[in-house]
Amino acid sequence: MESIGVLMLNPMNSYLEQELQRRYNLFKLWTAPQKPQFIKEHADSIRAVVGSYTAGADAELIEALPRLEIVSSFSVGVDKIDLAKCREKGIRVTYTPDVLTEDVADLAIGLMLAVLRRLCESDRYVRSGKWKKGDYKLTTKFSGKTVGLIGLGRIGMAVAKRAEAFNCPICYYSRTEKSDTKYKYYPSVVELASNCQILVVACPLTEETRHIVNSEVMNALGPKGVLINIGRGPHVDEPELVSALIEGRLGGAGLDVYEHEPEVPEELFGLENVVLLPHVGSATVETRKDMADLVLGNLEAHFSNKPLLTPMPKSLMESIDVLMLCPMISYLEQELQRRFNVLKLWTAPEKSRFIKDNSATIRAIVADGSHGADAKMIEALPRLEIVSSNSVGVDKIDVKKCREKGVRVTYTPDVLTDEVADLAIGLILAVLRRLCESDRYVRSGKWKKGDFRLTTKFTGKTVGIIGLGRIGMAIAKRAEAFNCPICYYSRTEKPDTKYKYYPSVLELASNCQILVVACSLTAETRHIVNREVMNALGPKGVLINIGRGPHVDEPELVSALVEGRLGGAGLDVYEHEPEVPEELFGLENVVLLPHVGTATVETRKAMADLVVGNLEAHFSNKPLLTPLL
Numbered sequence: 003m004e005s006i007g008v009l010m011l012n013p014m015n016s017y018l019e020q021e022l023q024r025r026y027n028l029f030k031l032w033t034a035p036q037k038p039q040f041i042k043e044h045a046d047s048i049r050a051v052v053g054s055y056t057a058g059a060d061a062e063l064i065e066a067l068p069r070l071e072i073v074s075s076f077s078v079g080v081d082k083i084d085l086a087k088c089r090e091k092g093i094r095v096t097y098t099p100d101v102l103t104e105d106v107a108d109l110a111i112g113l114m115l116a117v118l119r120r121l122c123e124s125d126r127y128v129r130s131g132k133w134k135k136g137d138y139k140l141t142t143k144f145s146g147k148t149v150g151l152i153g154l155g156r157i158g159m160a161v162a163k164r165a166e167a168f169n170c171p172i173c174y175y176s177r178t179e180k181s182d183t184k185y186k187y188y189p190s191v192v193e194l195a196s197n198c199q200i201l202v203v204a205c206p207l208t209e210e211t212r213h214i215v216n217s218e219v220m221n222a223l224g225p226k227g228v229l230i231n232i233g234r235g236p237h238v239d240e241p242e243l244v245s246a247l248i249e250g251r252l253g254g255a256g257l258d259v260y261e262h263e264p265e266v267p268e269e270l271f272g273l274e275n276v277v278l279l280p281h282v283g284s285a286t287v288e289t290r291k292d293m294a295d296l297v298l299g300n301l302e303a304h305f306s307n308k309p310l311l312t313p314m315p316k317s318l319m320e321s322i323d324v325l326m327l328c329p330m331i332s333y334l335e336q337e338l339q340r341r342f343n344v345l346k347l348w349t350a351p352e353k354s355r356f357i358k359d360n361s362a363t364i365r366a367i368v369a370d371g372s373h374g375a376d377a378k379m380i381e382a383l384p385r386l387e388i389v390s391s392n393s394v395g396v397d398k399i400d401v402k403k404c405r406e407k408g409v410r411v412t413y414t415p416d417v418l419t420d421e422v423a424d425l426a427i428g429l430i431l432a433v434l435r436r437l438c439e440s441d442r443y444v445r446s447g448k449w450k451k452g453d454f455r456l457t458t459k460f461t462g463k464t465v466g467i468i469g470l471g472r473i474g475m476a477i478a479k480r481a482e483a484f485n486c487p488i489c490y491y492s493r494t495e496k497p498d499t500k501y502k503y504y505p506s507v508l509e510l511a512s513n514c515q516i517l518v519v520a521c522s523l524t525a526e527t528r529h530i531v532n533r534e535v536m537n538a539l540g541p542k543g544v545l546i547n548i549g550r551g552p553h554v555d556e557p558e559l560v561s562a563l564v565e566g567r568l569g570g571a572g573l574d575v576y577e578h579e580p581e582v583p584e585e586l587f588g589l590e591n592v593v594l595l596p597h598v599g600t601a602t603v604e605t606r607k608a609m610a611d612l613v614v615g616n617l618e619a620h621f622s623n624k625p626l627l628t629p630l631l
């Protein structure tokens with residue numbers, strides 16, 4: 003392989019350099035007085051680039067090397083490599099994960115101890131001879147302190163394992179909650195910082211995680227909190243960190259990385275509550291040799307036409323076409339666009355033509371509760387592998403056809419349970435206590451002419467639930483706090499609940515005052531609430547639908563309300579959305595919402611993270627997070 007040209011971008015490790023020189027024709031870029039000229043002269047010989055966390059292959063370098071086949075990075079971070087350009091040019095990328103996990107995790111614990119126990123300051127105290135003049139001041143205990151981790155990947159988990167040995171409670175933030183861990187999850191970094199005493203940055207650097215630790219996060223961590231950064235310098239807003247430490251808004255910091263390495267803010271040099279390391283997280287003899295061996299092994303595998311040892315995940319390296327069926331939330335759209343080639347169906351003047359033109363490349367569909375993948379669409383996409391739905395309901399997806407074609411299906415359960423259950427209780431209160439009507443009464447100025455009429459009490463009323471799944475159980479739990487007896491109908495009786503079971507919806511409606519629809523929509527549950535059920539619920543009964551519109555026979559609902567056979571209704575869903583029967587608009591015993599059960603910022607973000615996470619898992623050959631099929 004001596005004739006293969008390898009460009010090494012900067013000095014790294016003498017062992018790596020020697021081995022590269024022994025096996026390849028090695029070009030050392032840092033030795034060239036004029037780097038652009040050096041690259042130009044050797045461009046036709048260079049087939050591989052070896053980079054590091056400080057020097058990578060940008061678009062300009064990649065374009066300048068027409069024979070480049072592989073970039074092998076001597077680091078776990080690849081933020082210095084233009085992955086999009088590599089993908090475009092068919093250039094392979096490798097990195098060095100896992101081998102440095104233990105060293106970086108060890109260093110994180112070392113930084114915590116060094117900051118809290120003032121190890122470096124104590125060392126200076128002894129060396130200066132001050133100990134002879136008196137004992138060193140008391141420091142702060144580490145054991146038992148709550149450790150919050152930004153990122154619970156390999157390194158984050160290793161830090162958590164070590165901190166647990168010090169009896170430290172562990173909590174974390176990541177894009178999605180991890181189902182396989184016992185640690186407490188917080189959906190935002192600010193919440194995490196507010197609930198821990200030591201905050202550790204251990205996530206990859208992306209555009210989204212740049213300055214993930216900002217002024218707000220530091221203020222939440224507080225004057226007794228400690229920040230540890232073993233991730234990347236730009237994770238932390240450095241000017242804000244300096245001012246927070248100087249002003250006493252942050253208790254201390256242990257830093258191995260900086261925003262503009264090797265430049266370090268000079269204001270930090272005089273602070274005793276800071277420990278400053280020169281980016282040495284993986285700098286042990288053993289780990290650097292292991293990293294070098296991975297670089298060499300990946301190059302050898304590539305040029306011998308063997309599988310790479312540590313290739314970049316497929317989801318980052320392949321140009322995967324994803325068909326997005328309709329506008330959802332901007333965050334989801336942005337996250338998809340950052341990772342995949344997103345085709346937006348709703349922007350096409352002729353949707354059928356658009357699908358036909360792109361059918362050979364579309365490998366994934368992103369659907370939602372109102373737009374799904376029917377049999378016709380699935381048949382039209384021969385390379386379709388997965389449908390990831392931004393909803394808990396999948397009635398718009400032809401699951402049978404997906405099963406037949408071997409297409410995976412994912413959805414977003416659990417993350418929306420609380421919001422939908424909250425809304426169900428809100429609708430009950432809004433209908434019984436006439437909240438919307440009361441609001442209109444005040445806004446119209448009528449209150450000056452007299453008090454609003456009396457309404458109806460919620461507490462103590464019997465609540466009947468159609469469907470006792472996650473959402474049904476969450477509604478029951480909330481209603482119990484209002485001293486409401488709970489009963490339910492489902493296909494089979496639940497042996498693990500104390501609630502009264504009725505074997506038919508009609509019996510349930512006859513024995514409750516508030517009937518809540520919380521089941522999945524299937525052919526069997528379509529119009530599960532019909533005229534007979536409404537009559538059984540009666541003129542004092544209230545119907546709440548937070549399931550799906552077709553659960554309720556809508557024309558029958560309208561006539562039952564208009565004729566007074568049903569006491570009231572709280573609706574978040576309708577049979578032909580966004581069409582709503584106009585007869586309902588004039589009724590005061592009805593509360594009408596525009597299908598907003600999951601419409602909170604927090605839940606929609608969590609749902610989006612699940613959609614993206616499922617796609618990433620699928621295209622990285624990892625287990626799906628929330629599979630239906």
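One gets my numbering by counting positions in the sequence shown from 1 and adding 2 to each.
Built from N, CA and C at the ideal position, the CB exists for glycine as well.
Just so it is clear, the structure is predicted and the values come from calculations on it, not from any experiment.
Start and end residues, alpha helix (DSSP H) containing residue i
i       : result
Asp-639 : The requested residue 639 is not part of the displayed model; the chain covers only 3 to 631.
Val-117 : 103 to 118
Lys-403 : 401 to 407
Ser-124 : 121 to 129
Thr-652 : The requested residue 652 does not occur in the structure, where the chain is confined to residues 3 to 631.
Boundaries of the beta strand (DSSP E) in which residue i is found, first to last residue
i       : result
Val-228 : 228 to 231
Val-73  : 72 to 75
Arg-410 : 410 to 412
Ile-200 : 200 to 203
Reduced DSSP secondary structure (H/G/I, E/B, other) of residue i
i       : result
His-620 : helix
Met-319 : Confidence is the limiting factor: at Met-319 the pLDDT is only 47, short of 50, which leaves the residue's position unreliable, though a coordinate-based value still follows. It is helical.
Ile-331 : coil
Pro-267 : coil
Gly-7   : strand
Phe-29  : strand
Asp-370 : strand
Ile-548 : coil
Arg-94  : strand
Val-259 : coil
Met-314 : coil
Pro-629 : strand
Nearest-angstrom Cβ-Cβ length linking residue i and residue j, presumed shorter than 8 Å
i       : j       : result
Ile-546 : Ile-516 : 6 Å
Ala-520 : Gly-569 : So it is not a contact: roughly 19 Å between Cβ atoms.
Val-401 : Val-411 : 6 Å
Arg-290 : Val-259 : Not quite, the Cβ-Cβ distance comes to about 17 Å (not below 8 Å), so this is no contact.
Pro-225 : Gly-253 : 5 Å
Leu-223 : Leu-207 : Not confirmed; about 20 Å, so no contact.
Tyr-174 : Leu-154 : 5 Å
Pair within 8 Å by beta-carbon distance, residue i and residue j
i       : j       : result
Val-78  : Ala-59  : no
Gly-583 : Val-560 : At residue 583 the sequence reads Pro, which differs from the Gly that was named. The answer is yes: Cβ separation under 8 Å.
Ile-172 : Thr-103 : no
Asn-12  : Ser-54  : yes
Leu-434 : Ile-548 : no
Val-343 : Val-368 : A small fix is needed here, since residue 343 is Asn in this sequence, not Val. In this structure, Val-368 does not lie closer than 8 Å to Asn-343 by Cβ.
Ala-562 : Tyr-333 : no
Asn-392 : Val-575 : no
Val-192 : Glu-218 : yes
Leu-9   : Ile-64  : no
Ala-571 : Ala-538 : no
Spatial distance of residue i from residue j (CA atoms)
i       : j       : result
Met-319 : Arg-177 : With a pLDDT of 47 at Met-319, under the threshold of 50, the modelled position of that residue is not reliable, and the figure given next carries that caveat. One C-alpha to the other measures close to 20 Å.
Ala-61  : Glu-242 : 31 Å
Arg-493 : Pro-505 : 8 Å
Asp-397 : Asp-370 : 10 Å
Glu-558 : Arg-567 : 10 Å
Arg-89  : Val-95  : 9 Å
Ile-388 : Ile-232 : 36 Å
Pro-487 : Tyr-413 : 32 Å
Cys-328 : Leu-586 : 28 Å
Val-297 : Asp-239 : 32 Å
Leu-160 : Ala-107 : The identity of residue 160 in the sequence shown is Ala, whereas the question assumes Leu. The straight-line gap from Cα to Cα measures roughly 6 Å.
Val-465 : Asp-100 : 53 Å
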